[in-house]
Each structure stands twice: as structure tokens, then as C-alpha cells.
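K.L.:
Per UniProt numbering, the very first residue in the sequence shown carries number 1; after that it's consecutive.
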Amino acid sequence: MHTAPPSASSAKTAATRLPIEPSILYFGTPVVLLSTENEDGSFNLAPMSSAWALGQTVVIGLGREGQTAYNLGSRPDLVISLPAPAQWAAVERLAPLTGRNPVPATKAEGCRFEPDKFAAAGLTAEPSHLVRPPRVAECPIQLEARAERVRPDVSGEFVIVETLVHKVHADPRVVVPGTDHIDPAAWSPLIYNFRHYFGLGPELGRSYRSRTPGGGHGASAQSPVNT
Ligand SMILES: Cc1cc2nc3c(=O)[nH]c(=O)nc-3n(C[C@H](O)[C@H](O)[C@H](O)COP(=O)(O)O)c2cc1C
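#1: Quick one: give me the first and last residue of the alpha helix (DSSP H) that Q87 is part of.
#2: Check whether the Cβ of C139 lies closer than 7 Å to any heavy atom of ligand 1, and answer yes or no.
#3: Can you have a look at S35 and say buried or exposed, based on whether 16 or more other CB atoms are within 10 angstroms of its CB?
#4: Do R146 and L164 have their C-beta atoms within less than 8 Å of each other?
#5: Once the 5 residues before and after F113 are set aside, which same chain residues still bring their CB inside 8 Å of it?
#6: At a threshold of 7 Å, does T98 count as lining ligand 1 (C-beta to nearest heavy atom)?
#7: Any C-beta of chain B sitting closer than 8 Å to the C-beta of E92?
#8: Can you determine whether any heavy atom of ligand 1 sits closer than 7 Å to the C-beta of S50, and answer yes or no?
#9: Rounded to a whole number of angstroms, what is the C-alpha to C-alpha distance between E126 and G201?
#10: Whole-angstrom Cβ separation of S49 and V31, contact assumed at under 8 Å?
#11: For Q87, which of L143, A121 and S42 has the nearest alpha-carbon?
#12: Going by DSSP, what residues sit across from L164 in a beta bridge?
#13: Note down the Cα distance separating E148 from E162, rounded to an integer number of angstroms.
#14: So, helix, strand or coil for L18, using DSSP?
#15: Give the DSSP-derived three-state secondary structure of G28 in the structure shown.
#16: Restricting to Cα atoms, I'd like to know which of N193, P177, S207 and V136 is closest to T29.
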């Protein structure tokens with residue numbers, strides 16, 4: 001059953017918060033599909049939600065023993081393809097698969113080796129322009145990138161990968177015509193929200209930093225914060 005989220009005013013006046021110990025902290029980040037090159041020249045594809053952008057840098061968090069981390073440690077080329085909400089079922093078909101053989105003991109129960117994850121997910125590999133791994137043709141936005149730094153995280157379970165994006169491909173339907181702007185009203189990421197998939201709801205407003213021409217259909221908050 002769905003319950004309505006607390007409104008801003010009730011959240012302000014709430015006296016308490018429950019101290020809880022959730023097993024994971026996936027608080028709602030976009031899903032990306034990472035294409036990387038295997039040792040034998042074939043390609044791996046894996047869904048990740050620990051990804052965020054800063055300028056042309058995209059930082060990704062990966063399980064240390066997965067095939068993607070292994071590949072990026074030796075072969076830095078990758079493609080970061082961004083699925084739309086409609087592609088969630090294809091993403092979920094990739095969830096129990098690894099390109100690593102034998103399957104590491106640290107992988108989730110039920111995880112199995114799959115050498116051709118594009119076929120297993122029903123997704124199409126499309127050649128990239130600058131890097132060796134292919135793009136996911138069905139994804140409306142695809143970023144060709146190179147891993148510049150791969151290092152362990154503080155827990156030792158993961159690696160943090162800093163990538164630099166060198167080329168962006170976008171479906172014309174999510175681009176403001178005649179510009180380089182993604183139209184935020186036309187594009188929605190696929191959000192991984194505590195292991196459940198969501199799209200975006202209607203727009204709430206736009207940042208004063210937005211440069212989308214005529215874009216944005218919500219109110220401006222007139223925020224004075226310079227971020
Ligand atoms: C939607 C979704 C998001 C995921 N996000 C991450 C993530 O951010 N980091 C990670 O290490 N694994 C993540 N996983 C799990 C990996 O996809 C999984 O471990 C997969 O086996 C990795 O494949 P590989 O071993 O071939 O690299 C996610 C899985 C799904 C379905």
C-alpha cells in the first residue's frame with residue numbers, strides 16, 4: 001500500500017525521527033549501464049546506481065570483485081548509457097548476472113556468469129565513436145568516457161572510479177531543438193530508490209542556474225544560494 005509522503009509543513013513540525021538500521025542506503029539515484037571491455041576483447045554490460053556527475057567527470061562506485069571493476073582497472077574505456085524508465089525490465093534482467101567467471105563468493109545469492117549480457121537483457125550494442133566498448137542503442141543518452149582514477153573506497157569492499165566524459169550522444173527527442181541542451185521536460189532518468197525502480201514525477205521548479213531556453217515548466221524558487 002502506498003502512503004502519502006509527509007508534506008513540507010508536517011515534516012517541519014515532526015517531533016521525532018525513528019533511528020533505524022537499513023541494510024542499504026540507495027536513496028534514489030539514476031541507473032546507468034556501464035559497457036566495458038573484457039580481457040578477451042568481448043564486452044561486459046552492468047547496471048549501477050552509484051553514479052554522479054560533476055562537470056565532465058562522472059564518479060562511479062563499484063563492487064571490488066565485479067567484472068566491471070576488474071575491466072576498468074586494466075582497460076579504461078567505457079560507455080555510460082542512461083536508460084529511461086521504460087527500460088527498467090531490461091535493467092532488471094541484468095541484475096542477477098556477472099561477467100566474472102568463476103562467480104566471486106561475494107556476489108549476491110543467485111548471481112550467475114553470463115558472457116553476452118546485451119543478448120541476455122534484450123539490448124542492442126551500437127559502436128561508439130571514441131572508445132572500444134559499445135553504447136546501448138535503446139538508451140536515450142550515452143556518454144563515451146575513460147576511467148582516469150580507480151581506487152579502493154574506505155570500506156575495502158568497493159572501488160571508486162573517476163571517469164572523464166569525452167563524447168555525449170542524445171536522442172533528438174530529449175534535446176531542445178537547435179541547442180546542446182537536454183530538455184528536462186522530455187528526459188527522465190530511471191531512478192533506483194531503495195532497490196525499487198521509479199521515473200520522475202512532474203517538474204516542481206527550475207534552478208536559477210538553468211540555461212535551458214524556455215525550458216522548465218515549474219516555478220522558480222528564487223534561491224539566493226550560489227550552487
Ligand atoms: C539497478 C541496479 C543498480 C546497481 N547499482 C550498483 C552499484 O552502484 N554498484 C555496484 O557495485 N553494483 C550495483 N549493482 C549490482 C551489479 O549490477 C551486479 O553486482 C552485477 O553483477 C555487476 O556485474 P559485473 O560483475 O559483470 O560487473 C546494481 C544492480 C542493479 C540492478
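Glycine residues also receive a C-beta, built at the ideal position from the N, C-alpha and C atoms.
P.N.:
A quick look at the data gives this:
#1: Counted as a single uninterrupted DSSP element, the stretch harbouring Q87 is not any alpha helix (DSSP H), since DSSP gives it neither H nor E.
#2: Because no heavy atom of ligand 1 lies under 7 Å away, the Cβ of C139 does not count as near it: no.
#3: buried
#4: yes
#5: L97, T98, G99, R100, N101, P102 and V103
#6: yes
#7: Here there is only one protein chain, and chain B is not present.
#8: Answer for S50: yes, Cβ within range of ligand 1.
#9: E126 and G201: Cα-Cα distance of roughly 30 Å.
#10: 5 Å
#11: Nearest in C-alpha terms to Q87, of all of L143, A121 and S42, is A121.
#12: T57 and R146
#13: 6 Å
#14: coil
#15: It is a strand residue.
#16: Nearest in C-alpha terms to T29, of all of N193, P177, S207 and V136, is N193.
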